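Sequential numbering from 15 applies to the sequence shown in our numbering.
In this text, a Cβ means the ideal position worked out from N, Cα and C, and glycines have one as well.
As the structure is a prediction and not an experimental result, all values here were calculated from the model.
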Amino acid sequence: MSPIDDLPPLRDVIAAHDLAPRKQLGQNFLLDLNLTSKIARQAAPFEDCTVLEVGPGPGGLTRALLASGARRLVVVEKDPRCIPAIEEISAHYPSRVDIRNLDALQIDLAEIAGGKRLKIVANLPYNVGTQLLLNWIAVPAWPPVWDSLTLMFQKEVAERIVAQPRGDHYGRLGVLAGWRTEAKILFDVPREAFTPPPKVMSSVVRIVPKPAPLAADLSKLETVTAAAFGQRRKMLRQSLKPVGGEQLLERIGIDPQRRAETLSVEEFVQIANAI
Ligand code: SAM
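As structure tokens, then:
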């Protein structure tokens, strides 16, 4: 039995359901319930909201979320092998878990939220983590249906999400995240905390929506950041040639000799709005 509930230890769950981790599904499981409880506490409180967990796997974080008070927890798991393990957890917490055997890249957040505010918590599969985050940021209407994202990423990705201008990690992801959200790294998680250990260290990031971000056309912002950071060592007059280059930059008062890494998020939005 575990310290947080009467369910069997996760190693027994993995053995009973034959959940040998699959690399192509980004399966690096967290078996330390102290750690999963720490993540759940950071995402709480859960009163009066829907909690979405992407990729519950054998259910370590799922159990911590339920023990921390999640009343309506939707779990979206692509691997059908994990579903019976999550059904056992659901039986232990009747009427609180809604299990979906789906690809999280395809889900409709408003439908999952079911009319309540949404908190998303996940030890994300690394192969789709960045794309999921972009999906959740790039929604047409703002503020979004979610109130907070508490997510585990590879540390290097976490650093790109929270990066500021002139920082080593500042790039397209930092601009897109910084445009609509406030993000901070809560704590790092060493490789050994996972089974099997991934190649690199991980970090838990907390992301909340900015109430009133600058208006911008997302596809134009993506075009500008892709062009500017695609040639990050070049001056903007060169890297932004395809979208108007020197003329456009001078028209909006941005020095064409600057480089992408020196531009603030607001300046990227200004350029996107001018093309
Ligand atoms: N939450 C568990 C934990 O902390 O031990 C497992 C985390 S593991 C890093 C990622 C989980 O996401 C795996 O269970 C994997 O099967 C699942 N997964 C991978 N790709 C997915 C996708 N596109 N949609 C939903 N789940 C996915």
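Check, Outcome
"Which ranges does the alpha helix (DSSP H) cover as unbroken runs of at least 4 residues, wholly within the segment 85-137, from first to last along the chain?", "97-106 and 123-127"
"Using the beta-carbon count (16 or more within 10 Å), is Asn42 buried or exposed?", "buried"
"If you check the beta carbons only, do Arg131 and Asp161 fall under 8 Å apart?", "yes"
"Which word fits Thr276, buried or exposed, when buried means at least 16 other C-beta atoms lie within 10 angstroms of its C-beta?", "exposed"
"From the DSSP output, in three-state form, read off Pro270 for me.", "coil"
"Could you check whether the Cβ of Leu163 sits closer than 7 Å to any heavy atom belonging to the ligand SAM?", "no"
"Using the three-state DSSP reduction, which class does Asp32 fall into: helix, strand or coil?", "coil"
"DSSP has Ile213 in a bridge; who is on the other side?", "As written in the sequence, residue 213 is Lys, which differs from the Ile given in the question. BP columns for Lys213 are empty, so no partner."
"Sort Leu47, Cys63, Val203 and Pro35 by Cα distance to Pro94 and report the nearest one.", "Pro35"
"Based on the DSSP output, what are the partners of Pro223 in its beta bridges?", "Thr195"
"What number of angstroms, rounded off, separates the C-alpha of Pro204 from the C-alpha of Ser51?", "16 Å"
"Look at the alpha carbon of Val176 and the alpha carbon of Gly74, and state the distance between them as a whole number of angstroms.", "27 Å"
"Please report the straight-line C-alpha distance between Leu116 and Lys92, rounded to a whole angstrom.", "5 Å"
"Express the C-alpha separation of Ser233 and Ala57 in angstroms, rounding to a whole number.", "30 Å"
"Under 6 Å, CB to any heavy atom of the ligand SAM. Which residues pass, going along the chain?", "Leu39, Gly40, Gln41, Asn42, Phe43, Leu44, Val68, Gly69, Pro70, Gly71, Gly74, Leu75, Val90, Glu91, Lys92, Asp93, Cys96, Asp117, Ala118, Leu119, Asn137, Pro139 and Val142"
"Do Ala241 and Pro227 count as a contact pair if the criterion is CB distance below 8 Å?", "no"
"Just to check my reading of the structure: His31 and Pro98 have Cβ atoms closer than 8 Å, yes? What is that Cβ distance to the nearest angstrom?", "6 Å"
"Whole-angstrom Cβ separation of Val142 and Val65, contact assumed at under 8 Å?", "Their Cβ separation, rounded to whole angstroms, is 20 Å, which puts Val142 and Val65 out of contact at 8 Å."
"Given Asp231, which residues of its chain have a CB within under 8 Å of its CB, disregarding the five upstream and five downstream residues?", "Ala286 and Asn287"
"Just list the residues that DSSP pairs Gln168 with in beta bridges.", "Ser216"
"I'd like to know whether the C-beta atoms of Arg77 and Asp19 end up nearer to each other than 8 Å.", "yes"
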